[in-house]
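Chemist:
There are 2 protein chains.
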Amino acid sequence: MIKSYYFYAMISVVLLGAGNLANHLYQAFKIAERIKVVQWYNRSYSEVSSFKNEVNVTDSLEDLVEADVYILAISDDSIAEISSALPFDNSLVVHTSGSVSIHQLDKKLKRGVFYPLQSFTKDASLNFNEVPICLEALDKESFDLLNALSDALGCTSYKISTEQRQTLHLCAVFVNNFVNQLYRVSHEISDAKRINFDILKPLILETSKKVQNMSPYKAQTGPAKRNDKRTIKRHLKQIENPEHKAIYELLTKAIKKTHGQR
Amino acid sequence: MIKSYYFYAMISVVLLGAGNLANHLYQAFKIAERIKVVQWYNRSYSEVSSFKNEVNVTDSLEDLVEADVYILAISDDSIAEISSALPFDNSLVVHTSGSVSIHQLDKKLKRGVFYPLQSFTKDASLNFNEVPICLEALDKESFDLLNALSDALGCTSYKISTEQRQTLHLCAVFVNNFVNQLYRVSHEISDAKRINFDILKPLILETSKKVQNMSPYKAQTGPAKRNDKRTIKRHLKQIENPEHKAIYELLTKAIKKTHGQR
Chain A
750 MIKSYYFYAM
760 ISVVLLGAGN
770 LANHLYQAFK
780 IAERIKVVQW
790 YNRSYSEVSS
800 FKNEVNVTDS
810 LEDLVEADVY
820 ILAISDDSIA
830 EISSALPFDN
840 SLVVHTSGSV
850 SIHQLDKKLK
860 RGVFYPLQSF
870 TKDASLNFNE
880 VPICLEALDK
890 ESFDLLNALS
900 DALGCTSYKI
910 STEQRQTLHL
920 CAVFVNNFVN
930 QLYRVSHEIS
940 DAKRINFDIL
950 KPLILETSKK
960 VQNMSPYKAQ
970 TGPAKRNDKR
980 TIKRHLKQIE
990 NPEHKAIYEL
1000 LTKAIKKTHG
1010 QR
Chain B
750 MIKSYYFYAM
760 ISVVLLGAGN
770 LANHLYQAFK
780 IAERIKVVQW
790 YNRSYSEVSS
800 FKNEVNVTDS
810 LEDLVEADVY
820 ILAISDDSIA
830 EISSALPFDN
840 SLVVHTSGSV
850 SIHQLDKKLK
860 RGVFYPLQSF
870 TKDASLNFNE
880 VPICLEALDK
890 ESFDLLNALS
900 DALGCTSYKI
910 STEQRQTLHL
920 CAVFVNNFVN
930 QLYRVSHEIS
940 DAKRINFDIL
950 KPLILETSKK
960 VQNMSPYKAQ
970 TGPAKRNDKR
980 TIKRHLKQIE
990 NPEHKAIYEL
1000 LTKAIKKTHG
1010 QR
């Protein structure tokens, strides 16, 4: 396969937005050898002004400079509006959202999606080259450029349609927000008995590591999978909060069903 | 604080059982400088016979040799029976279960609990020194010995009562079995749209890493916490399986309640 010329050339980027993702992207672009951030736009100047000595910063869409790709790292609700307000056409503009359709970008533009599937927190540093990038574009040249951009970051990229991306966004809620809520429930239960939550942390890590090389189906253990009725009954008796009990019952039922118990 | 003499002496151990935990314990004891496994018992000889060149193995309780501590790494249901069948009294015997009371061990013995809170899989290797050990004993000398044993393994240990241990066992079901079932649901949903589950693995890891240094409450993000009704409604429309929908609804409700939304 012949790689597109972008694999060898410098890729120029204009970054738009200054939230968590934009900040993580900026730091990752800065250290990537084949990527040059030629401008950083944000509607509120104060949030980017501290970078003015290392990059061209602006709060005016009219002042945007030329680049290979414009990256909208902005809220879902602003994507359609900002893309329409861009004072040029036929340049490649991508959004970074898990749930917004590629078609919400203005038709006058070359359109694409560059969705890094990870949870970005303000102060938590993270190796960007471990973040999978979901790519979508409406023409091959744009797709190749996004692929090269991901490659220049050291990331693994995947060709993902808008529908698949929206499914991934839903899955991310299960494996991130819902999993985190189970940690929270466990924190509440342990706190009530004055147990140090630290004791559970190695198990939390190990559970997530196990499914890196084994399917969740195969990794499952415990009373629900074994249909150990006595333990399940005792656990239900131990739980004082009816909302915790409802979660225990529903997930126990789900595990039993998955593993052919009734 | 003056450490007990066990911190300086060799600790002799008889290990009973040959399941996952017993095998992980044996390997960890073998490399610990201040621990000597003087015998390995299992009711079925064939499961320990391959170790006969490196340790005294037996399938007869009558042949048990003397040791500082006898560790029952056997199924919950066998603990009371095996402890009664031991042909000695007044020696320290501990079980390794998260849910069995210390009082199920026969009264003729010095009794204790040595519960490593981790999920042990047959072929998955694991650094035993990262496993937290929950300790319980009925007298101070026994507790000190268990503490020294845990220390000789390089583990962090915690003084945990039977009631607290049973609570931890319940918490472990939430952060291990139930979390793993959420991974499974996500695997089912992504498979149905022919999406590579690998894309979700870095997020799975990051979610578990985040709560190592931050409370689950503080680590929470996403549509339920923000009470983003439009995204929640779209997700519910995307989910085809009614059981997945029930899980989505219950955990979304729980997150909203935790974070003061309605």
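Those sequence lines, one after another, are chains A and B.
The first sequence begins at 750 in the numbering used here and counts up by one.
The second sequence begins at 750 in the numbering used here and counts up by one.
Ideal Cβ positions, reconstructed from N, Cα and C, are used throughout, including at glycine.
#1: What residue range does the beta strand (DSSP E) around A:L884 cover?
#2: With DSSP as the reference, label A:Q788 as helix, strand or coil.
#3: Sorted by chain position, which residues of the same chain lie with C-beta nearer than 7 Å to B:S910's C-beta, five sequence neighbours on each side aside?
#4: Give a yes or no on contact between the segment 774-787 of chain A and the segment 892-906 of chain A, applying the rule of three or more CB pairs nearer than 8 Å.
#5: In whole angstroms, give me the CA-to-CA distance for A:H936 and B:L887.
#6: Identify, in the order they occur along the chain, each residue of the same chain with its Cβ nearer than 8 Å to the Cβ of A:L875, setting aside the five sequence neighbours on each side.
#7: Where does the unbroken beta strand (DSSP E) through B:F863 begin, and where does it stop?
#8: Kindly list, in the order they appear in chain B, the residues whose Cβ is closer than 7 Å to that of A:S868.
#9: Are any of the Cβ atoms in chain A nearer than 8 Å to that of B:A767?
#10: Per DSSP, what kind of secondary structure is B:T807 in: helix, strand or coil?
#11: Do you know how far the Cα of A:I828 is from the Cα of A:R860?
#12: Name, please, each residue of chain B whose Cβ falls closer than 8 Å to the Cβ of A:Q776.
#13: Counting C-beta neighbours from all protein chains within 10 Å, is the total for B:E803 16 or more, i.e. buried, or is it exposed?
#14: Of all the beta strand (DSSP E) runs that stay within the bounds of the segment 912-971 of chain B, which reach a length of 3 or more residues?
#15: A:A771: which of A:D977, A:L813 and A:H844 sits nearest, CA to CA?
#16: List, in order along the chain, the chain B residues whose C-beta lies closer than 7 Å to that of A:V934?
#17: Where does B:I760 sit, in a helix, a strand or coil, going by DSSP?
#18: Can you give me the Cβ contacts of B:D838 inside the same chain, cut-off strictly under 7 Å, excluding the 5 residues immediately before and after it?
#19: With a threshold of 8 Å between beta-carbons, can B:E890 be considered close to chain A, or not?
#20: Could you tell me which chain A residues have their CB closer than 7 Å to the CB of B:Y907, listed as they occur along the chain?
#21: Kindly indicate which residue of A:L765, A:I851 and A:T905 has the alpha-carbon position closest to the one of A:D1018.
#22: Where does A:I820 fall in DSSP's three states?
#23: Report, in whole angstroms, the separation of the C-beta atoms of A:D808 and A:R792, which I expect to be a contact under 8 Å.
#24: For B:E955, count the other beta carbons within 10 Å of its own beta carbon; 16 or more makes it buried, fewer makes it exposed. Which is it?
#25: Check the DSSP bridge columns for B:L765 and list the partner residues they point to.
#26: Hey, quick one: how far does the beta strand (DSSP E) through B:L999 stretch, first residue to last?
#27: Can you check whether the CB of A:S848 is closer than 8 Å to the CB of A:Q915?
#28: Which residues, taken in chain order from the segment 780-811 of chain A, show a beta carbon closer than 9 Å to some beta carbon of chain C?
#29: Here's the rule: buried if 16 or more other CB atoms are within 10 angstroms of the residue's CB, otherwise exposed. What is B:R933?
#30: Distance, Cα to Cα, B:F877 vs B:H1008?
#31: Whole angstroms is fine: what's the gap from B:K994's alpha carbon to A:T980's?
#32: Could you work out which residues of chain B lie near A:K942, taking near to mean beta carbons separated by less than 8 Å?
#33: Would B:Q961 count as contacting chain A if we go by Cβ distances under 8 Å?
#34: Is it buried or exposed for B:Q788, if we count other Cβ within 10 angstroms and need 16 for buried?
#35: Please list the residues of the segment 839-853 of chain A that have a C-beta atom closer than 7 Å to any C-beta atom in chain B, keeping them in chain order.
#36: Residues of chain B with CB closer than 9 Å to the CB of A:H773, please, in chain order.
Modeler: Straight from the coordinates:
#1: The residue you call residue 884 of chain A lines up with position 135 of the first sequence. Annotation: the continuous beta strand (DSSP E) that includes A:L884 extends over I882 to A886.
#2: Walking along the first sequence from the start, residue 788 of chain A turns up at place 39. Three-state DSSP puts A:Q788 in a strand.
#3: To locate residue 910 of chain B, count along the second sequence from 1; it is residue 161. Taken in chain order, the residues that qualify are E885.
#4: Yes, they touch.
#5: The residue you call residue 936 of chain A lines up with position 187 of the first sequence. The residue you call residue 887 of chain B lines up with position 138 of the second sequence. In this structure, the straight-line span from the alpha carbon of A:H936 to that of B:L887 is close to 28 Å.
#6: One-based indexing of the first sequence puts residue 875 of chain A at position 126. Within its own chain, the residues whose Cβ lies closer than 8 Å to the Cβ of A:L875, once the five positions on either side in sequence are excluded, are H773, Q867 and F869, listed in chain order.
#7: Residue numbering aside, residue 863 of chain B sits at position 114 when the second sequence is read from its first letter. Segment K859 to P865, the beta strand (DSSP E) holding B:F863.
#8: As a working mapping, residue 868 of chain A is identified with position 119 in the first sequence. The answer, in chain order, is L952, E955, T956 and T970.
#9: The sequence position of residue 767 of chain B within the second sequence is 18, counting from 1. Output row for B:A767: interface = no.
#10: Position 58 of the second sequence, counted from the first residue, corresponds to residue 807 of chain B. B:T807: strand per DSSP, three-state reduction.
#11: Taking the first residue of the first sequence as position 1, residue 860 of chain A is located at position 111. Taking the first residue of the first sequence as position 1, residue 828 of chain A is located at position 79. Approximately 12 Å, taken between the alpha carbons.
#12: Numbered from its first residue, the first sequence carries residue 776 of chain A at position 27. Those do not exist, as A:Q776 stays about 16 Å from chain B at its closest Cβ, beyond 8 Å.
#13: The residue you call residue 803 of chain B lines up with position 54 of the second sequence. That one is exposed.
#14: If we require 3 residues or more, the segment 912-971 of chain B turns out to have no beta strand (DSSP E) run fully inside it.
#15: Here residue 771 of chain A refers to the residue found at position 22 when the first sequence is read from its first residue. Closest by alpha carbon: A:H844.
#16: Here residue 934 of chain A refers to the residue found at position 185 of the first sequence. By Cβ distance, chain B contributes F923.
#17: As a position in the second sequence, residue 760 of chain B is number 11, starting the count at 1. Residue state, collapsed to three classes: strand.
#18: On the second sequence, residue 838 of chain B is found 89 positions in, with the first residue counted as 1. Excluding residues up to 5 positions away in sequence, K857 and L858 lie with their Cβ nearer than 7 Å to the Cβ of B:D838 in the same chain.
#19: Here residue 890 of chain B is taken as the residue at index 141 of the second sequence, counted from 1. Judged by the 8 Å Cβ criterion, B:E890 is not in contact with chain A.
#20: Taking the second sequence and counting its residues from 1, the one referred to as residue 907 of chain B is at position 158. For B:Y907, the chain A residues whose Cβ falls inside 7 Å of its Cβ are N945 and I948, in order along the chain.
#21: Past the edges of chain A, shown from 750 to 1011, lies residue 1018 of chain A, and the structure says nothing about it.
#22: On the first sequence, residue 820 of chain A is found 71 positions in, with the first residue counted as 1. Correct three-state label for A:I820: strand.
#23: Position 59 of the first sequence, counting from 1, holds the residue named residue 808 of chain A. Position 43 of the first sequence, counting from 1, holds the residue named residue 792 of chain A. Contact flag correct, Cβ pair sits at about 6 Å.
#24: Walking along the second sequence from the start, residue 955 of chain B turns up at place 206. Counting other Cβ atoms within 10 Å of its Cβ, B:E955 reaches 16 or more and is therefore classed as buried.
#25: If you number the second sequence from 1, residue 765 of chain B lands on position 16. Checking the DSSP bridge columns, you'll see B:L765 partnered with B:Y790 and B:L821.
#26: Here residue 999 of chain B corresponds to residue number 250 of the second sequence, with the count starting at 1. Per DSSP, B:L999 is not a residue of any beta strand (DSSP E); the alpha helix (DSSP H) it occupies stretches across P991 to T1007.
#27: Position 166 of the first sequence, counted from the first residue, corresponds to residue 915 of chain A. Position 99 of the first sequence, counted from the first residue, corresponds to residue 848 of chain A. A:Q915 places its beta carbon less than 8 Å from that of A:S848.
#28: Among the protein chains of the structure shown, namely A and B, there is no chain C.
#29: The sequence position of residue 933 of chain B within the second sequence is 184, counting from 1. By the neighbour-count rule (16 or more Cβ atoms within 10 Å), B:R933 is buried.
#30: Taking the first residue of the second sequence as position 1, residue 877 of chain B is located at position 128. Taking the first residue of the second sequence as position 1, residue 1008 of chain B is located at position 259. Cα to Cα, the separation comes out at about 36 Å.
#31: Reading the second sequence from its first residue, position 245 is the one you call residue 994 of chain B. Reading the first sequence from its first residue, position 231 is the one you call residue 980 of chain A. Cα-Cα distance, rounded: 27 Å.
#32: As a working mapping, residue 942 of chain A is identified with position 193 in the first sequence. Those are E912, Q913 and T916, listed as they occur along chain B.
#33: Within the second sequence, residue 961 of chain B is the residue found at index 212, counting from 1. Closer than 8 Å to some Cβ of chain A, the Cβ of B:Q961 qualifies, so yes.
#34: For the purposes of this step, residue 788 of chain B is identified with residue 39 of the second sequence, where counting begins at 1. B:Q788 comes out buried.
#35: For chain B, the residues of the segment 839-853 of chain A that bring a beta carbon within less than 7 Å of one of its beta carbons are S848, in chain order.
#36: Within the first sequence, numbered from 1, the residue matching residue 773 of chain A stands at position 24. Within 9 Å Cβ-Cβ: nothing; A:H773 doesn't reach chain B, min ~12 Å.
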